[in-house]
Amino acid sequence: AQSVTQLGSHVSVSEGALVLLRCNYSSSVPPYLFWYVQYPNQGLQLLLKYTSAATLVKGINGFEAEFKKSETSFHLTKPSAHMSDAAEYFCAVSKGTDKLIFGTGTRLQVFP
Amino acid sequence: DTAVSQTPKYLVTQMGNDKSIKCEQNLGHDTMYWYKQDSKKFLKIMFSYNNKELIINETVPNRFSPKSPDKAHLNLHINSLELGDSAVYFCASSQGGPSGNTIYFGEGSWLTVV
Numbered sequence: 001a002q003s004v005t006q007l008g009s010h011v012s013v014s015e016g017a018l019v020l021l022r023c024n025y026s027s028s029v030p031p032y033l034f035w036y037v038q039y040p041n042q043g044l045q046l047l048l049k050y051t052s053a054a055t056l057v058k059g060i061n062g063f064e065a066e067f068k069k070s071e072t073s074f075h076l077t078k079p080s081a082h083m084s085d086a087a088e089y090f091c092a093v094s095k096g097t098d099k100l101i102f103g104t105g106t107r108l109q110v111f112p
Numbered sequence: 001d002t003a004v005s006q007t008p009k010y011l012v013t014q015m016g017n018d019k020s021i022k023c024e025q026n027l028g029h030d031t032m033y034w035y036k037q038d039s040k041k042f043l044k045i046m047f048s049y050n051n052k053e054l055i056i057n058e059t060v061p062n063r064f065s066p067k068s069p070d071k072a073h074l075n076l077h078i079n080s081l082e083l084g085d086s087a088v089y090f091c092a093s094s095q096g097g098p099s100g101n102t103i104y105f106g107e108g109s110w111l112t113v114v
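Dropping the structure here:
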């Protein structure tokens with residue numbers, strides 16, 4: 001069965017600092033992986049996705065993620081945090097299934 | 001233009017009532033979904049439809065009945081509401097299913113049962 005694990009339900013960074021949100025996947029086949037962002041009282045918006053092309057995926061708002069098969073990871077990074085990045089971030093996986101399975105989410109707080 | 005729109009955004013109702021949430025997508029997608037987000041922010045799929053046909057019913061109580069009159073609409077009707085039904089319900093759509101395809105979400109419907 002496929003699943004994703006997000007390490008750390010809360011991450012706090014200072015404005016301008018590196019953002020690193022961790023996601024590990026479990027899948028019997030190479031998966032499709034996604035990062036979504038949810039701003040307060042809003043729906044989910046796709047940040048980026050990996051579909052077996054380039055292992056380094058660039059997304060919107062300066063975010064990127066690297067697929068590492070050896071580590072079964074798909075961590076999300078941003079070199080310099082901005083106050084507007086404060087939100088809930090979800091990693092998700094799908095492959096050969098009708099379901100998109102979400103992780104438990106990581107809340108990112110950005111301090112001035 | 002909103003790609004996936006759902007109404008109402010906020011709904012407060014009493015236990016035992018019946019309520020509906022409507023969803024429409026203007027993206028021309030053939031697959032639509034309902035997801036439930038609980039108070040701990042956990043997201044789980046409830047239903048998926050492809051071209052008006054039910055694909056997934058993720059062990060949701062019979063009190064929840066989705067209806068898809070056409071491939072652009074997927075409404076959710078809930079009978080005999082319970083306190084535990086309080087959650088945020090997200091409608092979503094994609095072209096060709098979730099495997100590798102982007103799923104677009106609506107803004108959510110906040111349901112509070114009192």
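As you go down the protein sequences, you meet chains L and X in turn.
Here the first sequence is numbered in this note's numbering, starting from 1 and rising by one per residue.
Here the second sequence is numbered in this note's numbering, starting from 1 and rising by one per residue.
Quick reminder that beta carbons are idealized off the backbone N, C-alpha and C, glycines included.
For residue j and residue i, believed in contact at Cβ under 8 Å, the rounded distance
i      : j       : result
L76(X) : S39(X)  : So it is not a contact: roughly 19 Å between Cβ atoms.
A87(L) : L108(L) : 6 Å
Q2(L)  : P30(L)  : The Cβ separation is near 11 Å, so there is no contact.
Beta-carbon neighbours of residue i, restricted to chain L and to distances below 7 Å
i       : result
L43(X)  : F90, F102
I103(X) : L100
Contact with chain L by residue i, beta-carbon distance below 9 Å
i       : result
G100(X) : yes
V12(X)  : no
V60(X)  : no
V4(X)   : yes
K52(X)  : no
W34(X)  : no
Span separating the alpha-carbon of residue i from that of residue j
i      : j      : result
K36(X) : F64(X) : 12 Å
P66(X) : P79(L) : 43 Å
Y50(L) : G16(X) : 44 Å
L76(L) : L20(L) : 6 Å
S70(L) : L48(L) : 21 Å
N24(L) : K9(X)  : 33 Å
T91(L) : T13(X) : Per the sequence presented here, residue 91(L) reads as Cys, with Thr not at that position. Going by the C-alpha atoms only, they are around 32 Å apart.
A3(X)  : K22(X) : 14 Å
Residue-chain proximity (residue i, chain X), Cβ-Cβ < 9 Å
i       : result
F74(L)  : no
Q109(L) : no
K58(L)  : no
Chain L residues whose Cβ lies nearer than 9 Å to that of residue i
i      : result
F90(X) : G43, L44
Chain-ordered neighbours of residue i on chain A, where CB pairs are closer than 9 Å
i       : result
E107(X) : The structure shown contains no chain A; its protein chains are L and X.
Listed by chain order, chain X residues near residue i by CB distance under 7 Å
i       : result
G105(L) : K41
T51(L)  : G100
If we require 3 or more residues per run, which beta strand (DSSP E) segments fall completely within the stretch 37–107 of chain X?
43–50, 53–57, 64–67, 75–78, 87–94
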